[in-house]
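Quick mapping for you: the protein sequence lines, in order, are chains R and Y. When we follow full-length UniProt numbering, the leftmost residue of the first sequence carries the number 1, and every step to the right adds one. When we follow full-length UniProt numbering, the leftmost residue of the second sequence carries the number 1, and every step to the right adds one. Glycine residues also receive a C-beta, built at the ideal position from the N, C-alpha and C atoms. Reading through the structure tokens given below for one structure.
There are 2 protein chains.
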Amino acid sequence: MNPKSETRKEEIISTAAKLFKEKGYSAVTMRDLASAMGIKAASLYNHISSKQDILKKIIISIAEEFTAGMNSIIESDSSNIEKLKQIVSLHVDITANNTNGMASLNNDWMHLEEQLDYYLQLRNEYEANFLRLIQKGISTSEIKDNSPEIIMFSMLTTLRSLYLWIPKKEDLDAKDLSQSLSVVLIEGINK
Amino acid sequence: MNPKSETRKEEIISTAAKLFKEKGYSAVTMRDLASAMGIKAASLYNHISSKQDILKKIIISIAEEFTAGMNSIIESDSSNIEKLKQIVSLHVDITANNTNGMASLNNDWMHLEEQLDYYLQLRNEYEANFLRLIQKGISTSEIKDNSPEIIMFSMLTTLRSLYLWIPKKEDLDAKDLSQSLSVVLIEGINK
DNA sequence: TCATCAAACTAACAAGTGTTAGTTAAATGA
DNA sequence: TCATTTAACTAACACTTGTTAGTTTGATGA
Chain R
1 MNPKSETRKE EIISTAAKLF KEKGYSAVTM RDLASAMGIK AASLYNHISS
51 KQDILKKIII SIAEEFTAGM NSIIESDSSN IEKLKQIVSL HVDITANNTN
101 GMASLNNDWM HLEEQLDYYL QLRNEYEANF LRLIQKGIST SEIKDNSPEI
151 IMFSMLTTLR SLYLWIPKKE DLDAKDLSQS LSVVLIEGIN K
Chain Y
1 MNPKSETRKE EIISTAAKLF KEKGYSAVTM RDLASAMGIK AASLYNHISS
51 KQDILKKIII SIAEEFTAGM NSIIESDSSN IEKLKQIVSL HVDITANNTN
101 GMASLNNDWM HLEEQLDYYL QLRNEYEANF LRLIQKGIST SEIKDNSPEI
151 IMFSMLTTLR SLYLWIPKKE DLDAKDLSQS LSVVLIEGIN K
């Protein structure tokens, strides 16, 4: 309710996200989490209501960030290729400031319970928007007439895996990475 | 030891792989696995020696397939771009006939215990070979002079995620998919 | 000074965990 | 026919799991 407890609660959530990234949601016990915080397991319940609740907070907030980002991109009046570049930036930005949470989003979403349907709905809408954008790009001849599903799959899986890769580059400039990645994804790698 | 029991054992391992794909290694109990096989948990131990052992069998065999495939590719005398296409095929082929196992390889490797170091060694060697191949391609001007790490990251994460995507396409021709994917990854998507 | 309160604690719970021991029933092969 | 083998079973184990209840401690502010 009040600011102090919010802060402590967020500390627990971000510690949890870090552990979830290392071992996965199911393999992390409340005792693991407590010990990483330097307290006892029962004390966690002064701040959070359940293990499930932690996972929900981590995943849903990121999923909603993506939805908001995607909506503002499709509403803008850039070219379709330009919009794809904006999607690359969206992923780089969100991932860069929540690497651990992205791991849970990618790997632990199936352990959501009440929120599973909601999460899947957001994900489906996101992918549908992405696919439509590629199809438009093909119809305006901005994009090669290959299978739009393969194009989307290839881009999206690369973007979803950024969480594995960004933390290894300590001196990361988000702009630079977005730029290089856009080139590789859109223009290919061959000369 | 004898052939009948080998068959039953493999049935357990492939059922386990399917469950591990759905929920992850830690969330699947021996009772879950037994019930999917239509028997009791204790009966599993007539065939396998531990839960760990199942995971090891799933992951290490695939990792060794990749190592063998990579070795024969780098030893061949194709162009570097041609070798990249062969790597795409290698991933498509291995994934197409063991989708479930690929999920464990990607997501549950950290739960290996005795074999963790061995697995990491295979993976590191694989990535080092991949990277060297791209660097050679750059130096012979087959490949654009972008960051070789970004190129490898982009290709490899797409290939590693194939297990999520292949089972959705029922009428899959491995040749076709390898071909389309190579085009997208190597030549890019823009006109 | 003293009531309040956030945030820790100890103790305990019921359920679920991987695994072992010992047994049984049906099929196999000499 | 009968000893062996395969593959299932029941029962139980020691331990771990998420979570609750009730209590203590130290800081805050009236």
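Selection from the options that minimises the alpha carbon distance to residue i
i              : options                                       : result
Ser35(R)       : Asp53(R), Ile54(R), Leu181(R) and Ile12(R)    : Ile12(R)
Asn129(Y)      : Asn190(Y), Ile74(Y) and Lys18(Y)              : Ile74(Y)
residue 205(Y) : Gln52(Y), Ala68(Y) and Thr99(Y)               : The shown model of chain Y, from 1 to 191, leaves out residue 205(Y), and the question about it has no answer.
Thr67(R)       : Ser147(R), His91(R) and Asp32(R)              : His91(R)
Glu113(R)      : Glu10(Y), Lys23(Y), Arg8(Y) and Thr15(Y)      : Lys23(Y)
Asp117(R)      : Lys56(R), Leu181(R) and Ala41(R)              : Lys56(R)
Glu82(Y)       : Ile134(Y), Tyr119(Y), Ser49(Y) and Ala103(Y)  : Ile134(Y)
Ile143(R)      : Asn190(Y), Leu162(Y) and Asp77(Y)             : Asn190(Y)
Val183(R)      : Lys51(R), Lys85(R) and Glu65(R)               : Lys85(R)
Gly137(R)      : Thr7(R), Ser78(R), Glu65(R) and Lys168(R)     : Ser78(R)
Glu65(Y)       : Asp145(Y), Ser141(Y), Tyr119(Y) and Ser26(Y)  : Tyr119(Y)
Glu149(Y)      : Leu164(R), Lys9(R), Met110(R) and Ser50(R)    : Leu164(R)
Ser26(Y)       : Lys169(R), Ser50(R) and Met110(R)             : Met110(R)
Phe20(Y)       : Ala42(Y), Asn46(Y) and Gln52(Y)               : Gln52(Y)
Asn146(Y)      : Leu162(R), Asn124(R), Gly188(R) and Lys169(R) : Gly188(R)
Ile46(R)       : Lys168(R), Lys9(R) and Asp108(R)              : The amino acid occupying residue 46(R) in the given sequence is Asn; Ile does not appear at that position. If we check each option's Cα against that of Asn46(R), Lys9(R) comes out closest.
Ala103(Y)      : Leu162(Y), Lys169(Y), Asp176(Y) and Ala41(Y)  : Leu162(Y)
Chain-order list of residues whose beta-carbon lies under 7 Å from that of residue i (same chain, five-residue window excluded)
i         : result
Leu105(Y) : Ile59, Ile62 and Ala63
Leu172(R) : Ala96 and Ile166
Arg160(Y) : Asn106
Asn2(Y)   : With a pLDDT of only 43 at Asn2(Y), under 50, the local geometry of the prediction cannot be trusted, and the value read off the model is given with reservation. Nothing listed; no residue qualifies.
Ser158(Y) : Before going on, a small fix: residue 158(Y) reads as Thr here, not Ser. Within the same chain, Thr158(Y) has close Cβ partners Leu185.
Leu44(R)  : Ile12, Met30, Leu33 and Ala34
Asn124(R) : none
Gln115(Y) : Lys56 and Ile60
Lys168(R) : none
Chain-order list of residues whose beta-carbon lies under 6 Å from that of residue i (same chain, five-residue window excluded)
i         : result
Met70(R)  : Tyr126 and Asn129
Gly101(R) : Ala17, Ile58 and Ile62
Leu181(R) : Val88
Leu122(Y) : Ala63 and Thr67
Met152(R) : Phe130, Leu131 and Ile134
Ser5(Y)   : Unreliable positioning characterises Ser5(Y) in this predicted model, as indicated by a pLDDT of 37, which lies under 50. A coordinate reading is not provided.
Ala41(R)  : Met30, Arg31 and Ala34
Expected contact under 8 Å - CB spacing of residue i and residue j to nearest Å
i        : j         : result
Val88(R) : Ser178(R) : 5 Å
Ile48(Y) : Ile54(Y)  : 6 Å
Met37(Y) : Thr7(Y)   : 13 Å between Cβ atoms; not a contact.
Own chain, CB closer than 8 Å to residue i, minus 5 neighbours either side, in chain order
i         : result
Ala174(Y) : Ser89, Val92, Asp93 and Ala96
Asn80(Y)  : Leu133, Ile134, Lys136, Gly137, Thr140, Glu142 and Ile143
Leu156(Y) : Glu127 and Phe130
Ser50(Y)  : none
Ser76(Y)  : Lys83 and Gln86
Any non-hydrogen atom of the ligand SAH closer than 7 Å to residue i Cβ
i         : result
Leu164(Y) : The ligand SAH is not part of this structure, which contains no ligands at all.
Near-chain R residues of the stretch 79-102 of chain Y (beta-carbon distance less than 7 Å), N- to C-terminal order | Ile81
Interface positions of the stretch 154-171 of chain R facing chain Y (Cβ-Cβ less than 7 Å), listed along the chain = The stretch 154-171 of chain R vs chain Y, Cβ under 7 Å: Ser154, Thr157, Thr158, Ser161 and Trp165.
Report the residue ranges of all alpha helix (DSSP H) runs contained in full by the stretch 12-51 of chain Y; include only those spanning at least 4 residues, in chain order.
-> 30-37 and 41-44
Positions along the stretch 24-39 of chain R whose CB lies within less than 7 Å of some CB in chain Y | Here the close residues are Gly24, Ser26 and Ala27.
Could you name the residues of the stretch 44-78 of chain Y whose beta carbon sits closer than 8 Å to any beta carbon of chain R, in the order they occur along the chain?
-> Residues passing the 8 Å Cβ filter: none.
Contiguous alpha helix (DSSP H) assignments of at least 4 residues, all confined to the stretch 83-151 of chain Y | 99-107 and 116-139
Check each residue of the stretch 128-143 of chain Y: if its Cβ is closer than 7 Å to any Cβ of chain R, include it; give the result in chain order.
-> For the stretch 128-143 of chain Y, which is checked against every Cβ of chain R, the residues closer than 7 Å are Ser141, Glu142 and Ile143.
Could you name the residues of the stretch 172-183 of chain R whose beta carbon sits closer than 7 Å to any beta carbon of chain Y, in the order they occur along the chain?
-> Ser180, Leu181 and Val183
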